[in-house]
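*Asks:* Here it is, the structure, as structure tokens.
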Amino acid sequence: MASFAFNNGNAVVDTNVKRVLYRAFDVPDDNVAFEEAAGELIPEGESRVWNNAIMELGGVACRKTPRCEEAGCPFRGWCSAYETGDFTAPDVPTQPKFEGSRRQKRGRAVRILKNHDELSLEELGPRIRVDYGGEKSKKWLRGLLSDLESDGLVEVEDDRVRLQR
Ligand code: SF4
210 MASFAFNNGN AVVDTNVKRV LYRAFDVPDD NVAFEEAAGE LIPEGESRVW NNAIMELGGV
270 ACRKTPRCEE AGCPFRGWCS AYETGDFTAP DVPTQPKFEG SRRQKRGRAV RILKNHDELS
330 LEELGPRIRV DYGGEKSKKW LRGLLSDLES DGLVEVEDDR VRLQR
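In our numbering, the protein residues as written are 210 to 374.
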């Protein structure tokens with residue numbers, strides 16, 4: 210197969226690749242769109258490396274139940290699904306239940322706060338999510354902390370947060 214043997218082949222578009230393209234690059238669930246997007250993303254002369262990398266990503270990190278954090282997915286900084294929390298995909302019609310979602314982020318916030326007397330929201334945010342930044346992230350963090358506060362786990366005062374004492 211030219212794509213694997215040489216570096217001038219076409220982009221491979223299998224189920225795993227479609228899942229990554231759909232989640233990370235927001236490509237619509239359409240075979241022509243997948244082919245086009247994959248063709249545009251592939252770096253010239255690097256098809257072998259690219260095909261192997263994206264297929265492996267789909268098999269190791271971006272599985273049906275994604276392992277964004279555990280696998281240290283390098284796409285987290287800008288992945289559309291990671292940002293929105295919607296991890297459905299063409300072969301994942303309903304939102305997968307997994308620890309990488311809100312529950313995991315809540316746990317991480319608590320673990321981080323255990324090591325500090327208190328933190329500002331701007332100090333805490335990037336420690337929880339690699340893509341933290343901007344108004345949307347602030348709103349997301351305030352929502353997460355408000356849930357934790359309702360559960361009696363943290364105290365938020367102005368822009369500072371600490372574990373409930
Ligand atoms: S961040 Fe998560 S959803 Fe996005 S590509 Fe990586 S594993 Fe997939």
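Think of the CB as a built atom: it goes at the ideal place given N, C-alpha and C, for glycine as much as any other residue.
Since the structure is predicted, the reported quantities are computational estimates derived from the model, not experimental observations.
1. Would you list the residues whose beta-carbon is nearer than 5 Å to any heavy atom of the ligand SF4, in the order they occur in the chain?
2. Count the other CB atoms, across all protein chains shown, that sit within 10 Å of the CB of V370; report buried if there are 16 or more and exposed otherwise.
3. Leaving aside the five residues before and after M264 along the sequence, list all residues of the same chain whose C-beta is less than 8 Å from its C-beta, in chain order.
4. Excluding five sequence neighbours on each side, which residues of the same chain lie with their C-beta closer than 8 Å to the C-beta of K273?
5. Using only the alpha-carbon positions, how far apart do F251 and R317 sit?
6. On the CB-based measure, 16 or more other CB atoms within 10 Å of its CB, does P173 come out buried or exposed?
7. In whole angstroms, give me the CA-to-CA distance for E257 and F296.
8. Which partner residues does S329 have in the DSSP bridge list?
9. Out of curiosity, what's the CA-to-CA distance linking H325 and L350?
10. In this structure, how does DSSP classify V226 when only helix, strand and coil are distinguished?
11. Whole-angstrom Cβ separation of L372 and K323, contact assumed at under 8 Å?
*Replies:* With the structure as the only source:
1. Here the list is R232, A233, A270, C271, P275, C277, C282, F284, R285, C288, A290 and Y291.
2. By the C-beta density criterion, V370 is buried, having at least 16 other C-beta atoms within 10 angstroms.
3. Answer for M264: V221, D223, N225 and V226, listed in chain order.
4. R228, A298, D300, V301 and P305
5. In the sequence on display, residue 251 carries Ile and not Phe. Their Cα atoms are separated by approximately 35 Å.
6. In the structure displayed, the chain extends from 210 to 374; residue 173 sits before or after that span and is not available.
7. Just to set this straight, residue 257 is Arg in the shown sequence, not Glu. Each residue's Cα considered, the two are about 27 Å apart.
8. R369
9. 18 Å
10. helix
11. 6 Å
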